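Asker: Take a look at the following structure, please.
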Amino acid sequence: MGLLAIIVLGLIAGWIASLIVDNAGKGPLVDMVLGIIGALVGGAIFSALGAAPITGFNLYSLFVAVIGSVVVLVIYHAISGQRRL
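The numbers in UniProt numbering rise by one with no breaks, and the one at position 43 of the sequence shown is 43.
Right under this line is the structure:
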């Protein structure tokens, strides 16, 4: 269930984070990939801070995944040279 939860939460978090960061998205595929990576990054960030990482399919885990996805999208924009709107 852990990997499946990360993938599903990553898909949702990628979409939410794209609305937060640039209000447009990069397209469904890129948003999904960045969201899944963001879910993993969010789990790592929260683990490093001593909090629980993604624990399953719940609101706390969605919050963790969205935070990670926002971080990944900001880094993506910095590397690709695209400006945020």
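Ideal Cβ positions, reconstructed from N, Cα and C, are used throughout, including at glycine.
Predicted model, so just to flag it, every value in this text is computed and none were measured.
Within the continuous alpha helix (DSSP H) that includes residue 88, where are the two ends?
Answerer: Look at the range of the chain in this structure, 1 to 85, and you will see that residue 88 is not part of it.
Asker: Could you tell me the alpha carbon to alpha carbon distance between F57 and V72, rounded to whole angstroms?
Answerer: Rounded to whole angstroms, F57 to V72 spans 21 Å at the Cα level.
Asker: How would you label G81, buried or exposed, when you count the other beta carbons within 10 angstroms and need 16 or more for buried?
Answerer: The residue is exposed, with fewer than 16 neighbouring Cβ atoms inside 10 Å.
Asker: Rounded to a whole number of angstroms, what is the C-alpha to C-alpha distance between L49 and G27?
Answerer: Using only the alpha carbons, I get a separation of about 32 Å.
Asker: When burial is assigned at 16 or more other CB atoms within 10 Å of the CB, is A17 buried or exposed?
Answerer: So A17 ends up on the buried side.
Asker: Which of the three DSSP states, helix, strand or coil, is assigned to P53?
Answerer: Of the three classes helix, strand and coil, the one that applies to P53 here is coil, per DSSP.
Asker: Please report the residue range of the alpha helix (DSSP H) in which D31 lies.
Answerer: Where D31 is concerned, the enclosing alpha helix (DSSP H) stretches over P28 to A48.
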